[in-house]
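Residue numbers (the numbering used here): 6 to 509.
In what follows, a structure is listed as structure tokens, so that the remarks can point back to it.
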Amino acid sequence: MTMGHALREADSGVLCTARFYTPRERLTASAIAAQYSLQTLRLIGSIYPLLFSPTVSPSARPAMPPLYPIPNSAFSLDISALAGFLGADATLAVMMLPHLHAQRKWWGWYNCPGSYHLAKRFGQMARFKFWSPTYRSSAVPQELSLELQGGTGLTYTSTESGATLPRTGPLAATFAEQCSAVHSIEVGGRRSDTMDVAITRLTREIHGPQHIRVPHTHPKWFALCPVAATLSTAIACVFYRDFFIASVILFSALCHGTACLVMGNAEFTYEHRIPQDTPRYSSGWMEAHRSFVVLFGTETAVAPLTRGRFFLRLSLWRAHFFISLCSILLALQFLSQLLFVPQGTLFGQLMFIASLVASWAYHRLVLAWDKESIQRHILVADILSGPRIERYRFGTRTAAAVFTVLVLRPEIGQDVKARLQALLPSNTPVWELWHATVAERISSGQSLSFEKECDWEWQKMRGLLTLEESSLFRELLQDAAAAYAAFLEHRPGHGAMTWSRHLS
């Protein structure tokens, strides 16, 4: 028997006792048998507990840590410093909006960026010397004017005195936007650069500060989106055992919600102040973008648009305690983000960014949608008591200016030429002749028909030297005639017609 036969018999488990086996061959066969026996015992040992051991409940088994979504990553997304600085302007502007939405002060419980600048702004309002070293005392003013003013003011000219207010209050721009939303009446004539004329009469007179009641608005429900994003990201961090990021997100939501609640309890107030040593600004016009806004009314009735403003009023002890508390909480929020966000996992840091992105998108949506429309509603309906607005669209600025002077004729007196020059400031020979010609007709109550003035001989006698000047002069006279025709058609019994009857 050969060695190969002995090995095959050993593999099949048959005991061979041939006398001609050498000691080395017997040792090799024994080693192979022992190896197979050891593998069999290991297999039985692994199957036995599954077949014969008692059932173990899932609760009694040791807890297994969850598998992280991004395992074995050494990358750290350290954005805590940026989160404290970016987005502060939008956050602060939205924080002022609880006064434009009745219940929005209760919907500020979400994580948001810009905690450092918010803490600084609240510290300045509370007159903390740490934030504002230029303040000589820590006294808190009773009135805190905040970012509720909207756009910049317009230029206002009084019809009676001719005095010009270079910049009105910010509510004038808001009212001009309301006028631009009114349906306009198209006026015929030459078309080069369209210009609108809006006319309104203000009758309500407000004396002293007035507290404004803001109606309920539906967009406040959109605040659920950043709140839900904050809660979802915090729960996800807790599930994956990133307690550093979860704590920072929830603490940031607490700080921002407290600040919104404090600012939401301030009184939303309107006020205008008329200095005693300034010219009187009663009826007149404002010049906005491609439009003249004509206002009729007394100085007090016109004051909401020339000098009015919105602001927040807090009592002294509330301003000192609660605003100081908000400043401290927001500073702690910034420090917590700076210290603990780098200690979290990459997944937790991504969740932190997701909560910031949700709040940033919500702030942009609110600023783009709500603020201007709500302010216009408050101004027109509550402050001005819903005045009637008429709007006319002209093809040229010249026609719009003449129409404005015709409407304001009873308030102007005899200085018509100066008002025309204020509306159309140009001192070339053609314009000087046109100002004098049109002003003379309006002052005397005559109709604006210019057959004689279109004659070339008449024009040469008054200083026009070229055909180009004559052509421009005739076009300007046509614009004035078109404005006069529109005035007779749409506003009979007003303005120049009333003044003409008074002269007769």
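Where a beta carbon is used, it is the ideal one built from N, C-alpha and C, also for glycine.
In this text the structure is predicted, and so the values were computed from the model without any measurement.
Is the distance from the Cβ of residue i to the Cβ of residue j below 9 Å?
{"i": "Leu335", "j": "Ala124", "result": "yes"}
{"i": "Lys110", "j": "Cys265", "result": "yes"}
{"i": "Leu482", "j": "Trp436", "result": "no"}
{"i": "Ile388", "j": "Ile217", "result": "yes"}
{"i": "Gly158", "j": "Thr169", "result": "no"}
{"i": "Val412", "j": "Arg278", "result": "no"}
{"i": "Tyr286", "j": "Ser163", "result": "yes"}
{"i": "Arg5", "j": "Cys184", "result": "Here the chain comprises residues numbered 6 to 509, so residue 5 is not present and cannot be evaluated."}
{"i": "Leu384", "j": "Leu255", "result": "no"}
{"i": "Met200", "j": "Arg402", "result": "yes"}
{"i": "Leu340", "j": "Cys117", "result": "no"}
{"i": "Val243", "j": "Phe357", "result": "no"}
{"i": "Gln338", "j": "His212", "result": "no"}
{"i": "Val232", "j": "Phe399", "result": "no"}
{"i": "Glu165", "j": "Gly289", "result": "yes"}
{"i": "Ala584", "j": "Ala359", "result": "With the chain covering only 6 through 509, there is no way to say anything about residue 584."}
{"i": "Gly468", "j": "Pro430", "result": "no"}
{"i": "Lys422", "j": "Ala444", "result": "yes"}
{"i": "Leu428", "j": "Ala404", "result": "no"}
How big is the Cα-Cα spacing for residue i and residue j?
{"i": "Thr139", "j": "Arg381", "result": "Low confidence applies to Thr139: its pLDDT is 47, below 50, so where it sits in the model is not reliable, and the reading given next is rough at best. Answer to the nearest angstrom: the Cα atoms are 36 Å apart."}
{"i": "Ala488", "j": "Thr311", "result": "27 Å"}
{"i": "Ala186", "j": "Gly193", "result": "21 Å"}
{"i": "Glu14", "j": "Arg246", "result": "With a pLDDT of 45 at Glu14, under the threshold of 50, the predicted position of this residue should be treated as unreliable, though the coordinate-derived value follows. For Glu14 and Arg246, the distance between alpha carbons rounds to 60 Å."}
{"i": "Thr305", "j": "Ser237", "result": "53 Å"}
{"i": "Pro280", "j": "Ala308", "result": "11 Å"}
{"i": "Arg295", "j": "Arg314", "result": "24 Å"}
{"i": "Ser240", "j": "Ala251", "result": "The amino acid at residue 240 is misidentified as Ser; the sequence shows Ile. Answer to the nearest angstrom: the Cα atoms are 7 Å apart."}
{"i": "Thr409", "j": "His368", "result": "41 Å"}
{"i": "Arg126", "j": "Ser120", "result": "10 Å"}
{"i": "Lys457", "j": "Thr442", "result": "11 Å"}
{"i": "Leu493", "j": "Trp114", "result": "59 Å"}
{"i": "Ala144", "j": "Ile333", "result": "At Ala144, the pLDDT of 44 sits below 50, so the modelled position is not reliable and the matter cannot be decided from this model."}
{"i": "Phe248", "j": "Gly349", "result": "8 Å"}
{"i": "Leu453", "j": "Ala293", "result": "27 Å"}
{"i": "Ile204", "j": "Val298", "result": "6 Å"}
{"i": "Arg209", "j": "Phe273", "result": "20 Å"}
{"i": "Ala485", "j": "Ala491", "result": "10 Å"}
{"i": "Gly448", "j": "Phe455", "result": "The amino acid at residue 448 is misidentified as Gly; the sequence shows Ser. Approximately 15 Å, taken between the alpha carbons."}
{"i": "Met466", "j": "Leu472", "result": "14 Å"}
{"i": "Gly128", "j": "Val267", "result": "14 Å"}
{"i": "Cys331", "j": "Arg206", "result": "44 Å"}
{"i": "Asp460", "j": "Tyr161", "result": "37 Å"}
{"i": "Trp591", "j": "Phe180", "result": "Residue 591 lies beyond the stretch modelled for the chain, which goes from 6 to 509, so this question has no answer here."}
{"i": "Leu317", "j": "Ala271", "result": "6 Å"}
{"i": "Arg424", "j": "Gly167", "result": "7 Å"}
{"i": "Trp1", "j": "Val371", "result": "Any property of residue 1 remains undetermined from this structure, which presents the chain solely from 6 to 509."}
{"i": "Leu508", "j": "Glu474", "result": "Residue confidence is low: Leu508 scores 35 on pLDDT, short of 50, so the model does not pin down where it sits. Its coordinate-derived value is still stated next. So the two alpha carbons sit approximately 34 Å from each other."}
{"i": "Glu416", "j": "Leu300", "result": "11 Å"}
{"i": "Ser364", "j": "Gly353", "result": "17 Å"}
{"i": "Gln215", "j": "Tyr275", "result": "5 Å"}
Going by DSSP, what residues sit across from residue i in a beta bridge?
{"i": "Ala2", "result": "The shown model of the chain, from 6 to 509, leaves out residue 2, and the question about it has no answer."}
{"i": "Val202", "result": "Phe297, Tyr397"}
{"i": "Phe316", "result": "Thr274"}
{"i": "His216", "result": "Thr274"}
{"i": "Thr169", "result": "Thr162"}
For the alpha helix (DSSP H) holding residue i, just list the boundary residues, first then last.
{"i": "Ser475", "result": "472 to 495"}
{"i": "His188", "result": "Element bounds for His188: n/a, residue is neither H nor E."}
{"i": "Ser163", "result": "From DSSP, Ser163 is part of no alpha helix (DSSP H) but of the beta strand (DSSP E) over 160 to 163."}
{"i": "Gln464", "result": "461 to 466"}
{"i": "Gln426", "result": "421 to 428"}
{"i": "Trp439", "result": "434 to 449"}
{"i": "Glu304", "result": "304 to 311"}
{"i": "Val385", "result": "Premise fails: Val385 is in no alpha helix (DSSP H) and is neither H nor E."}
{"i": "Cys265", "result": "248 to 269"}
{"i": "Arg402", "result": "402 to 412"}
{"i": "Leu229", "result": "229 to 244"}
Determine the extent of the beta strand (DSSP E) in which residue i is found, giving its start and end residues.
{"i": "Tyr121", "result": "It is not in any beta strand (DSSP E) - Tyr121 instead sits in the alpha helix (DSSP H) that spans 120 to 130."}
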